[in-house]
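So the working numbering is basically just the index in the sequence shown, starting at one, shifted up by 3.
Using N, Cα and C, we set each Cβ at its ideal position, and we do this for glycine too.
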Amino acid sequence: MQMVLDREVPGHSALVVDANPTTRSVLMAQLRDFGFGTVKAANRIADAREMIEHRRFNLILCDDDIDGNGGTGQDLLEELRREQLLPYSTVFVMLTPEATYARVAEAAEAALDSFMVKPFSANSLFERLKEARRRKRVLKDIFEAMESKDFERAADLCLQRFSQRQPYWLYAARIGAELLLILKRNDEAKALYDAVIAAKTLPWAKLGVARVQLADGDVVQARRTLEALIDAEPQFADSYDVLGKVHMEQGNLSEALATYRTAAEMTPGCVLRLQHAGTLSFYSGDAATATQLLERTWQLGSKSRLFDVLSMMLLALLRYDANDTKGLEGAHDVLASFSDRYPQSVRLRRMATLGDVLVRLNRGRIEEGITLLRREMEGMERPDFDMESATNAISVWTRLVRYGLGTNEIDSVIAQLARRFAVSRTTCEVLVAAGRMHVDAAAVVRDAYAEVMKVAEQSMNLSLQGEPRRAVESLLNHGGNSGNAKLIEMAGLVAKRHQERIDDVQALLDKQAQLAHRFCSPPTHIAGVRRSNRSAGGMVLRR
């Protein structure tokens, strides 16, 4: 007997994700009875992820324990949500056995559209889907505002629904808090998270408070909040993502690695967490673990938009170190194929070129490899040569020591890159880690960072002594010569703070703006941990 959910559903599509063929068949038949015009199926998380990335589904039914080896439907949902791969209008329903009901029920309040405890009847599923679709309709004005990128209006609608305790106020509160963070209305976001905690203590709200603290630059307090949350909710994997970012901000690569590895072990099917843990394992010098994690990343994510080609660049370096000729050439082929597929990407071309250098070195064509690398470094003063480019370049250059290339040339390249990109303790330590194959690299990087800090300190002293113009000129001079974003940004801050006391201040500000445009674009990566407008561990709004 057919029970059509609503008049819109015949034109909608659904995806069933379940490893059991009998369950899959039954669910697909039920969805067709409910009126869905197109019903697809997947029996593995990787297959489901690929299908979701390449087509739009109005409904997804996903078994929570689909892989049976630690990978869960919840992991899939969180990863899709973090990377904005689910439309706002998609209904995501988790299917879970009784044994995991408590965990999924808690997650459902914050993230899922619904959940079903197995076994369940067709009537129960029908009613649950009907309710989930109702929520989508009730919150339609919020989703439409978000689809049109009117985040201010969407946030205000969420705040109104929360304050008036209208239907689905808790769900609206989470969306609203995320929007407020995007809009940098941090005080309002924290107030909303605090209000949710007061009304009903939930891990995601506590995590939201930590994310606001981190966004405000209060790294120490964010760490305390996260450690308390992890102590109370040790299985809440999202909190480890944000804590790992805190460790990175503090320059504690070893602690960041431990945190990301914990998150990866908790969610072994999560491509992003595997990438983070594998990348930091590489920089920590643990080649065996890095190889294992990055190869699994490729196995799980080779067809996914979540896969970051940096993982293959690091695998190329690891296979080169292991004299794995076949593996190295395979990695180079992957890098080259990505570069060919996206010819407009300078980033991918650079990695493909570095892979080519490693292949030539491995084949004994040393001079060719060195010549190619030198030619590549001619572009290191370009605006698009970023922190990731610097770490990759240092990783390759320091592997030339074995061929008797003069250390003076290697040290000169490292020093030039460090003077530009050592803008904080974190970036300094990442550059040190990238050069671990060369015994002198750490000293070269740290000396360059000390030079940067010395210039900054001397300039601030000039400003305090009543000579702000000299301070700005010094910062612009050293910043222009090195490309160091810290010095260039400081010049702008000092000039604006003391503009009434500086003659012809606009000329200095114009010069600072030119240098900022050239050298101060945000880094693509720091040790593979992506830094973007998406807050690690947050809900990340569906697109």
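- Just so you know, the alpha carbons of PRO90 and THR328 end up roughly 43 Å apart.
- Judged by DSSP in its simplified three-state form, THR262 adopts helix.
- Our two residues, LYS499 and ILE200, have alpha carbons roughly 40 Å apart in a direct line.
- The three-state reading of DSSP puts SER314 in helix, counting H, G and I together.
- Going by C-alpha positions, ALA290 is about 28 Å away from VAL349.
- In the three-state reduction of the DSSP assignment, SER16 falls in the strand class, which pools E and B.
- The beta carbon of LEU331 sits closer than 7 Å to those of ALA319, ARG322, TYR323, LEU361, VAL362, ASN365, all from its chain and outside the five residues before and after it, given in chain order.
- A residue is called buried once 16 or more other Cβ atoms fall within 10 Å of its Cβ, and LYS514 is buried on that count.
- Secondary structure note for VAL96: its beta strand (DSSP E) is the uninterrupted segment 94-99.
- Counting C-beta pairs with one atom in each stretch, the segment 295-314 and the segment 36-55 have three or more that are closer than 8 Å, which means they touch.
- Excluding five sequence positions before and after ASP219, the CB atoms of its chain that fall closer than 8 Å to its own CB belong to ASN189, given in chain order.
- The beta carbon of ARG439 lies closer than 6 Å to those of GLY288 in the same chain, with the five residues before and after it left out.
- Excluding residues up to 5 positions away in sequence, ASN61, LYS139, PHE146 lie with their Cβ nearer than 8 Å to the Cβ of SER92 in the same chain.
- DSSP places ILE63 within a strand segment (E or B) once states are collapsed to three.
- Just so you know, the alpha carbons of VAL20 and LEU128 end up roughly 15 Å apart.
- Under the criterion of beta carbons closer than 8 Å, ILE63 and LEU18 qualify as touching, at roughly 5 Å.
- Nearest Cα to GLY14 within the set ASN23, GLY38, THR25: GLY38.
- Just measuring C-alpha positions, the residue of VAL448, VAL416, ILE55, MET315 sitting nearest PHE95 is ILE55.
- In this structure, the CA atom of ARG131 is about 36 Å from the CA atom of GLN278.
- Under a 10 Å Cβ-count criterion, VAL223 is classified as exposed, with fewer than 16 other Cβ atoms of the shown protein chains found around its own Cβ.
- Inter-residue distance for ALA176 and PHE424 is about 39 Å (C-alpha atoms, whole angstroms).
- Counting C-beta pairs closer than 8 Å gives three or more between the segment 386-396 and the segment 428-444, which meets the contact rule.
- With distances taken between CA atoms, GLN295 lies nearest to SER314 out of ARG308, ALA444, SER314, VAL475.
- Shown here for VAL7: same chain residues with a beta carbon closer than 8 Å to its own, the five before and five after excluded, namely PRO13, PHE37, GLY38 in chain order.
- Selection ALA453, GLY40, TYR196 evaluated against LEU183 yields TYR196 as nearest (Cα-Cα).
- For ALA488, same chain residues with a beta-carbon under 7 Å away, outside a window of 5 residues either side, are VAL426, PHE522, CYS523 in chain order.
- Excluding sequence positions up to five before and after ASP387, its CB lies within less than 6 Å of the CB of VAL349, all in the same chain and listed in chain order.
- Here the C-alpha atom of GLY409 lies approximately 25 Å from the C-alpha atom of ARG385.
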